[in-house]
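Q: In our numbering, the protein residues as written are 51 to 269.
#1: Below 8 Å on the Cβ atoms is my contact criterion, and I expect residue 190 with residue 106 to pass it. Report the Cβ-Cβ distance as a whole number of Å.
#2: Around the C-beta of residue 82, are 16 or more other C-beta atoms found within 10 angstroms, so that it is buried, or is it exposed?
#3: Pull up the distance between the alpha-carbon of residue 212 and that of residue 145, whole angstroms please.
#4: So does the region 193-211 actually touch the region 229-238, counting three or more Cβ pairs closer than 8 Å?
#5: Can the beta-carbon of residue 74 be found closer than 7 Å to that of residue 96?
#6: Select from 65, 182, 246, 99 the residue whose C-alpha is nearest the C-alpha of residue 198.
#7: What's the call for residue 237, buried or exposed, on a 16-neighbour Cβ count within 10 Å?
#8: Does DSSP put residue 76 in a helix, in a strand, or in coil?
#9: Buried or exposed, going by whether 16 or more other CB atoms sit within 10 Å of the CB of residue 124?
#10: Among the residues of its own chain, which have a CB less than 7 Å from the CB of residue 63, if the five just before and after it don't count?
#11: Just to check my reading of the structure: residue 243 and residue 178 have Cβ atoms closer than 8 Å, yes? What is that Cβ distance to the nearest angstrom?
#12: Going by C-alpha to C-alpha distance, which of 132, 110, 267, 142 sits closest to residue 248?
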């Protein structure tokens, strides 16, 4: 089994470098305290995380709307692509168009951005995904309920208007495909054979974003 999610630390990048993950001790054994006790300050959209429909819709679903079974996947479609522009569209649709749906539940796309996560390019010039990909998925891959990828966001920071529409399309409360952003896909490729993936979100009530631990079981 391997992790497909990153550790959270103070070097964790955020979309547009807008937010930081901060952990501070309010009580320290080294300073004479009886125990170590830390406070965390962060956005809910940090590290490997889910975007919930509530992120873009006031009446959209939050974690309370999904049962435990929702986050366990056995039919995983994994694809690797080479992005041609800031917004990914045809290069992904062309691959999807060659695949027969067998009831896939989770789509994972590796762009290669996971290999440059420590650079400014990762958060400033990331690849996003075109909203039309959502339309293709709900028409041809009807069981997919989550879309994960190794970009920091479904929205390219350089193409934010398209990114806003992509968020709204995928997170449509009537038929959402949850977005699993900033995944660690460095250790998998097209030769990887998945038996299951578990996405374990923090159960934060009424939150628009949810940091996650993601665990994959491979043959």
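Idealized CB from N, CA, C, for every residue including glycine.
A: So, from the data block:
#1: The sequence position of residue 190 within the chain shown is 140, counting from 1. The sequence position of residue 106 within the chain shown is 56, counting from 1. Rounded, the Cβ-Cβ distance is 24 Å, inconsistent with contact.
#2: As a first step, residue 82 must be located in the chain shown, where it is residue number 32. Residue 82 should be labelled exposed.
#3: The residue given as residue 212 occupies position 162 in the chain shown. The residue given as residue 145 occupies position 95 in the chain shown. Taking the straight line from one Cα to the other gives about 21 Å.
#4: With the cut-off at 8 Å, the region 193-211 and the region 229-238 touch.
#5: Mapped onto the chain shown, residue 74 falls at position 24. Mapped onto the chain shown, residue 96 falls at position 46. Their beta carbons are not under 7 Å apart, which means residue 74 does not touch residue 96 by this criterion.
#6: For this step, residue 198 is matched to residue 148 along the chain shown. Looking at the Cα atoms, 99 is the closest of the given residues.
#7: Taking the chain shown and counting its residues from 1, the one referred to as residue 237 is at position 187. Residue 237 should be labelled exposed.
#8: As a first step, residue 76 is located in the chain shown; it is residue number 26 there, counting from the start. Here residue 76 sits in strand by DSSP.
#9: Within the chain shown, numbered from 1, the residue matching residue 124 stands at position 74. Result: exposed.
#10: The count along the chain shown starts at 1 and reaches residue 63 at position 13. Cβ neighbours of residue 63 beyond the five flanking positions: 167, 172, 173, 202.
#11: Counting from 1 along the chain shown, the entry for residue 243 is found at position 193. Counting from 1 along the chain shown, the entry for residue 178 is found at position 128. About 29 Å separates the two Cβ atoms, so there is no contact after all.
#12: Start at 1 with the first residue of the chain shown, and residue 248 comes out as number 198. Selected option, being the one with the closest Cα: 267.
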